[in-house]
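Residue numbers (the working numbering): 423 to 681.
Printed below as a string of structure tokens:
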């Protein structure tokens with residue numbers, strides 16, 4: 423029987439590439455997005471997150487994999503709502519539907535931006551799951567979009583990576599036979615990054631901040647292939663890992679400091 427997967431952010435970028443890849447392989451995919459998707463839901467709101475779970479349950483009472491790809495990169499509170507709280511609610515809300523699968527899997531998309539400057543207060547609020555306070559903090563940071571506002575995106579990805587590390591080995595995930603992992607892409611050529619890589623000069627400038635010595639800026643399919651393997655039946659033991667698919671950014675920026 424073909425596997426059934428749910429992909430948030432399926433209308434563009436990495437989510438779209440993953441959806442197309444899985445469908446080419448014969449899988450059934452339930453795409454979720456604000457538009458052009460099987461399930462239309464707004465993950466920035468509590469109501470939208472609940473609607474996502476209800477809609478997927480109605481379409482398919484059992485699923486095999488969840489791909490939490492949806493995200494924003496704007497210096498605004500909406501990035502907090504979607505990237506962290508929307509992602510966590512999607513993963514946790516859909517987890518019960520994985521129970522009937524012979525090979526249940528879940529993966530989220532973090533970012534190598536988690537290695538960049540972030541806001542400690544916002545990260546702490548996200549880690550604590552305090553959405554109202556986190557949104558208030560993001561509103562303060564967003565007042566200076568070119569400086570403190572730039573800390574919002576990285577902060578959400580730090581907290582998301584931390585969430586995966588803390589949850590993956592628990593009874594609800596590993597104990598239930600569900601590998602939970604994350605990928606951390608470098609610069610990927612998607613609508614999210616289009617304004618940053620429009621010219622050769624912009625690309626070179628960005629790569630000075632995000633070094634990618636192995637083949638440079640990547641296409642979405644590169645990340646899609648990794649996501650597909652992480653959520654495949656072949657992945658039986660990778661647990662709580664943040665896998666950097668970044669052309670070498672992590673290796674350049676952190677070196678052996680984590681070891």
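Don't be surprised by glycine CBs; every beta carbon is placed ideally from N, CA and C.
This one's a predicted model, so the numbers in the text were calculated from it and none came from an experiment.
Sheet register partners of residue i (DSSP bridge)
| i | result |
| --- | --- |
| residue 666 | 606 |
| residue 484 | Note: residue 484 sits in no beta bridge, so no partner. |
| residue 640 | 610 |
| residue 461 | 454 |
| residue 490 | 430 and 530 |
Spatial distance of residue i from residue j (CA atoms)
| i | j | result |
| --- | --- | --- |
| residue 623 | residue 671 | 19 Å |
| residue 604 | residue 621 | 30 Å |
| residue 453 | residue 492 | 11 Å |
| residue 463 | residue 470 | 5 Å |
| residue 596 | residue 627 | 41 Å |
| residue 507 | residue 674 | 30 Å |
| residue 574 | residue 560 | 7 Å |
| residue 515 | residue 650 | 21 Å |
| residue 533 | residue 527 | 20 Å |
| residue 504 | residue 466 | 5 Å |
| residue 444 | residue 662 | 23 Å |
| residue 567 | residue 543 | 17 Å |
| residue 669 | residue 558 | 35 Å |
| residue 654 | residue 477 | 23 Å |
Segment limits, beta strand (DSSP E) that includes residue i
| i | result |
| --- | --- |
| residue 501 | Per DSSP, residue 501 belongs to no beta strand (DSSP E); it is in the alpha helix (DSSP H), 499 to 502. |
| residue 427 | 426 to 430 |
Beta-carbon proximity of residue i to residue j, cut-off 7 Å
| i | j | result |
| --- | --- | --- |
| residue 447 | residue 486 | no |
| residue 564 | residue 518 | no |
| residue 460 | residue 427 | no |
| residue 615 | residue 502 | no |
| residue 555 | residue 547 | yes |
| residue 580 | residue 609 | no |
| residue 645 | residue 436 | yes |
Delimiting residues of the alpha helix (DSSP H) encompassing residue i
| i | result |
| --- | --- |
| residue 478 | 468 to 481 |
| residue 676 | 671 to 676 |
| residue 455 | Premise fails: residue 455 lies in the beta strand (DSSP E), 450 to 455, not in any alpha helix (DSSP H). |
| residue 625 | 622 to 631 |
| residue 542 | 542 to 549 |
#### Entry: Ranges of the alpha helix (DSSP H) found wholly within the stretch 552 to 598, counting only runs of at least 4
553 to 563 and 573 to 589
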